[in-house]
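Written below as structure tokens is the structure these notes are about.
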Amino acid sequence: MSSRKILIVEDDAALRRGLGDRLRAKNFEPVFAVDGLSAVTVAQAERPDVVLLDLGLPAGDGFRVMERLRMIMHLAHVPIVVLTARDAQGNRDRALAAGAAAFLQKPVDNDALLAAIEQVLASPLDPGA
Amino acid sequence: MAAALRLLLLEDNDGDARLIREELTSDRRAGEYEVSRASTLAEAVRLLGADRYDAALVDLTLPDSSGADTPRRIREAAPSVPVVVLTGLDDDDAAVRAVAEGAQDYLVKGRDGPLVARSIRYAIERHRLLQDLDAARRAELEMKDRFISHISHELRNPLASSYLITTNLLEEFAGPLSTEQRENLEIVLANVNRLREMIDDLIEATRSETSRARLHLREFPLDETVAGVMKDMTSRATQLTWRQEVPSGLPPVLGDRDRVAQVLRHLLVNAVKFTPPGGTITVRAATAATGELTVEVEDTGCGIPPDVQPRIFERLYQHSQTDARYRSGLGLGLYICREIVRQHGGRIWVESEAGKGSRFVFTLPTANSVATTERNASS
Numbered sequence: 001m002s003s004r005k006i007l008i009v010e011d012d013a014a015l016r017r018g019l020g021d022r023l024r025a026k027n028f029e030p031v032f033a034v035d036g037l038s039a040v041t042v043a044q045a046e047r048p049d050v051v052l053l054d055l056g057l058p059a060g061d062g063f064r065v066m067e068r069l070r071m072i073m074h075l076a077h078v079p080i081v082v083l084t085a086r087d088a089q090g091n092r093d094r095a096l097a098a099g100a101a102a103f104l105q106k107p108v109d110n111d112a113l114l115a116a117i118e119q120v121l122a123s124p125l126d127p128g129a
Numbered sequence: 001m002a003a004a005l006r007l008l009l010l011e012d013n014d015g016d017a018r019l020i021r022e023e024l025t026s027d028r029r030a031g032e033y034e035v036s037r038a039s040t041l042a043e044a045v046r047l048l049g050a051d052r053y054d055a056a057l058v059d060l061t062l063p064d065s066s067g068a069d070t071p072r073r074i075r076e077a078a079p080s081v082p083v084v085v086l087t088g089l090d091d092d093d094a095a096v097r098a099v100a101e102g103a104q105d106y107l108v109k110g111r112d113g114p115l116v117a118r119s120i121r122y123a124i125e126r127h128r129l130l131q132d133l134d135a136a137r138r139a140e141l142e143m144k145d146r147f148i149s150h151i152s153h154e155l156r157n158p159l160a161s162s163y164l165i166t167t168n169l170l171e172e173f174a175g176p177l178s179t180e181q182r183e184n185l186e187i188v189l190a191n192v193n194r195l196r197e198m199i200d201d202l203i204e205a206t207r208s209e210t211s212r213a214r215l216h217l218r219e220f221p222l223d224e225t226v227a228g229v230m231k232d233m234t235s236r237a238t239q240l241t242w243r244q245e246v247p248s249g250l251p252p253v254l255g256d257r258d259r260v261a262q263v264l265r266h267l268l269v270n271a272v273k274f275t276p277p278g279g280t281i282t283v284r285a286a287t288a289a290t291g292e293l294t295v296e297v298e299d300t301g302c303g304i305p306p307d308v309q310p311r312i313f314e315r316l317y318q319h320s321q322t323d324a325r326y327r328s329g330l331g332l333g334l335y336i337c338r339e340i341v342r343q344h345g346g347r348i349w350v351e352s353e354a355g356k357g358s359r360f361v362f363t364l365p366t367a368n369s370v371a372t373t374e375r376n377a378s379s
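Protein sequences appear in the order of chains R and F. So in our numbering, spot 107 of the first sequence is number 107, and the numbers just go up one at a time. So in our numbering, spot 229 of the second sequence is number 229, and the numbers just go up one at a time.
Below you can see the structure in the form of structure tokens.
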């Protein structure tokens with residue numbers, strides 16, 4: 001089975017490392033971005049199958065990243081899983097409305113993280129949406 | 001010269017009203033007054049709603065109100081207006097009660113007349129200080145909650161990476177582990193999980209104080225939720241006997257499943273904490289006469305002395321008499337339980353005897369009990 005490319009957008013270096021190692025072990029190919037600005041350029045260059053996105057980021061927060069990815073033709077339908085330390089209250093609905101396919105709160109159980117990523121990969125966004 | 005003070009004089013007796021006006025105008029040093037007079041409570045409430053007043057002078061006995069009720073209703077109508085009570089010599093008790101409830105001062109008619117101007121000045125000043133103090137206290141509470149919410153959020157990132165990196169090592173992504181390395185990492189992971197539970201509790205407790213968390217209400221079967229929570233707990237405490245007596249035929253709960261699971265988890269964590277090895281923990285549920293469900297968590301632990309029972313649901317309460325090893329955690333668990341149960345419109349209480357164990361009981365609404373409550377409320 002070919003590995004699937006996942007873009008991890010996370011400004012915390014320890015989390016990038018932990019998430020990267022875990023996803024690599026689960027047959028993903030992780031690529032990384034450290035802020036909102038590089039998230040978009042890395043996504044354009046790497047064409048990931050799925051994006052794992054933090055909300056609190058320097059240089060354009062996660063909402064801004066989603067907005068910009070949605071405007072780029074070949075990235076508009078890449079599923080996004082939001083993983084944030086922010087409160088679910090308020091942020092969950094806002095993230096889903098902005099186009100996220102799933103919302104997870106840090107720290108998330110490993111099984112729940114994998115299940116959410118697998119699920120959004122299995123049911124890609126409706127291209128008409 | 002300062003602007004005239006606007007006074008509302010609520011006095012049904014014309015003679016008394018005239019005397020008060022005379023006292024107010026006799027002392028020119030005390031400043032100018034603009035006095036509006038009302039003879040009934042209803043008229044006073046209407047005037048307070050229509051105009052701004054600096055203070056109200058309120059007689060207790062009126063055609064449409066009497067006793068401490070009068071100043072109480074004036075303060076309800078205009079909380080920002082300080083109240084000075086006027087009373088007869090024989091009606092001191094009601095006046096004292098009115099002051100205890102928030103009136104600024106009282107004056108006995110025919111005796112304290114010369115004091116009226118000074119009393120009003122003091123009442124206005126004191127009332128203003130109290131309101132400032134209230135506003136400051138509220139602002140401080142809000143700031144405290146914002147601060148806790150901020151640090152809890154900041155704690156989640158290092159917690160998330162500690163969890164990930166520890167589990168990555170335990171699953172040997174970075175190479176095989178020796179038995180001793182594994183044991184040490186298991187300890188790290190257990191502590192990371194404890195920290196996580198405490199941070200979740202902290203966030204939950206501050207949230208229920210400021211903005212009430214919204215409940216996602218829907219019907220769900222209680223037995224499945226109980227089984228899910230118990231499965232997780234029994235594997236953590238194998239030295240205890242676990243019993244589940246939740247019939248599968250119960251009507252579904254109308255509530256927020258995650259929140260109800262949280263209540264159960266907190267009660268079970270407590271039961272485990274206070275029950276010695278070999279003890280038994282039982283979860284029971286049944287339908288009450290009201291149509292609600294009652295859920296019980298019973299243990300055979302050390303029990304709770306009667307004098308502390310009323311206090312255990314308070315925020316940050318921890319029983320100082322108990323053994324230090326029981327005093328882990330933040331003391332927020334039962335407080336969170338009570339808040340969640342209350343948000344569902346239910347009740348929670350404890351039945352316990354020292355040395356014989358405890359039984360925590362809470363009620364949860366069903367579609368049936370909610371319909372009954374609404375019918376009763378509308379009839």
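Cβ atoms here follow ideal geometry from the backbone N, Cα and C, with glycine treated the same way.
Distance check for residue j and residue i, CA to CA, integer angstroms please.
i: I8/R; j: L15/R; result: 10 Å
i: V246/F; j: P71/F; result: 53 Å
i: D109/R; j: S38/R; result: 27 Å
i: E76/F; j: S36/F; result: 19 Å
i: R52/F; j: P79/F; result: 12 Å
i: N13/F; j: L129/F; result: 32 Å
i: A123/F; j: R46/F; result: 22 Å
i: M233/F; j: P276/F; result: 15 Å
i: A50/F; j: R111/F; result: 32 Å
i: D54/R; j: H77/R; result: 18 Å
i: I312/F; j: R236/F; result: 24 Å
i: D284/F; j: F28/R; result: Sequence inspection shows Arg at residue 284/F; the Asp mentioned does not correspond to that position. Distance between the alpha carbons of R284/F and F28/R: 45 Å.
i: D16/F; j: V370/F; result: 54 Å
i: T179/F; j: E46/R; result: 40 Å
i: F362/F; j: T287/F; result: 12 Å
i: A95/F; j: G331/F; result: 42 Å
i: G31/F; j: T25/F; result: 8 Å
i: V192/F; j: K273/F; result: 19 Å
i: L104/R; j: H344/F; result: 25 Å
i: R359/F; j: A139/F; result: 39 Å
Report the option in the options whose CA atom is closest to the CA atom of residue i.
i: L9/F; options: G67/F, P158/F, G291/F, V84/F; result: V84/F
i: F382/F; options: R118/F, P158/F, S248/F, R73/F; result: This structure does not reach residue 382/F, given that chain F is present from 1 up to 379, and the question cannot be answered.
i: Y33/F; options: L107/F, L7/F, D12/F; result: L7/F
i: H266/F; options: A78/F, T294/F, E204/F, V253/F; result: E204/F
i: T225/F; options: I312/F, V192/F, R257/F; result: R257/F
i: L217/F; options: A190/F, L254/F, T241/F, R182/F; result: L254/F
i: Q239/F; options: I281/F, T206/F, V229/F, I199/F; result: I281/F
i: N306/F; options: L189/F, D201/F, A354/F, T290/F; result: The sequence as given places Pro at residue 306/F; Asn does not occur at that position. Comparing Cα-Cα distances from P306/F to each of L189/F, D201/F, A354/F, T290/F, the minimum goes to A354/F.
i: D61/R; options: L52/R, G36/R, L19/R, L114/R; result: G36/R
i: D111/R; options: R118/F, L222/F, N168/F; result: N168/F
i: T373/F; options: E22/F, D299/F, S119/F, A289/F; result: A289/F
i: E11/F; options: L57/F, G31/F, L24/F, L5/F; result: L57/F
i: Q244/F; options: E171/F, E296/F, C302/F; result: E296/F
i: E186/F; options: Q262/F, M198/F, S162/F; result: S162/F
i: L107/F; options: P365/F, E23/F, C337/F; result: E23/F
i: N184/F; options: T166/F, R196/F, L222/F; result: T166/F
i: L293/F; options: P252/F, G228/F, A271/F, D69/F; result: P252/F
For a contact meaning CB atoms closer than 9 Å, what does residue i contact in chain R?
i: L189/F; result: Result: empty, since nearest Cβ-Cβ is about 11 Å, beyond 9 Å.
i: R196/F; result: P107
i: F173/F; result: D21, R22, R24, A25
Count the other CB atoms, across all protein chains shown, that sit within 10 Å of the CB of residue i; report buried if there are 16 or more and exposed otherwise.
i: A367/F; result: exposed
i: L89/F; result: exposed
i: K106/R; result: buried
i: T241/F; result: exposed
i: D132/F; result: exposed
i: P176/F; result: exposed
i: I20/F; result: buried
i: P310/F; result: exposed
i: M230/F; result: buried
i: S352/F; result: buried
Please list, in chain order, the chain F residues whose beta carbon lies closer than 7 Å to that of residue i.
i: K106/R; result: R156, N157, A160
i: G18/R; result: S161, L164, I165, N168
Closer than 8 Å by beta-carbon distance: list the chain F residues that pair up with residue i, in chain order.
i: L15/R; result: N157, A160, S161, L164
i: A85/R; result: H153, E154, R156, N157, A160
Show which residues of chain R have a CB atom less than 8 Å away from the CB atom of residue i.
i: T167/F; result: R22, N110
Which chain F residues are close to residue i, counting only those with a beta carbon under 9 Å from its beta carbon?
i: D12/R; result: N157, P158, A160, S161
Contact between the segment 58-67 of chain F and the segment 41-49 of chain F: three or more CB pairs below 8 Å?
-> Enough Cβ pairs lie closer than 8 Å, so yes.
Does the segment 71-88 of chain R come within contact of the segment 147-160 of chain F, defined as at least 3 CB pairs closer than 8 Å?
-> Using a Cβ-Cβ distance cut-off of 8 Å, the segment 71-88 of chain R and the segment 147-160 of chain F are in contact, since at least three pairs of beta carbons, one from each stretch, lie closer than that value.
At a cut of 8 Å, does the segment 155-173 of chain F reach the segment 57-72 of chain R through at least three beta carbon pairs?
-> With the cut-off at 8 Å, the segment 155-173 of chain F and the segment 57-72 of chain R do not touch.
Would you say the segment 90-105 of chain R touches the segment 134-151 of chain F, given that touching needs at least three Cβ pairs under 8 Å?
-> In this structure the segment 90-105 of chain R does not lie against the segment 134-151 of chain F, because fewer than three pairs of beta carbons, one per stretch, are closer than 8 Å.
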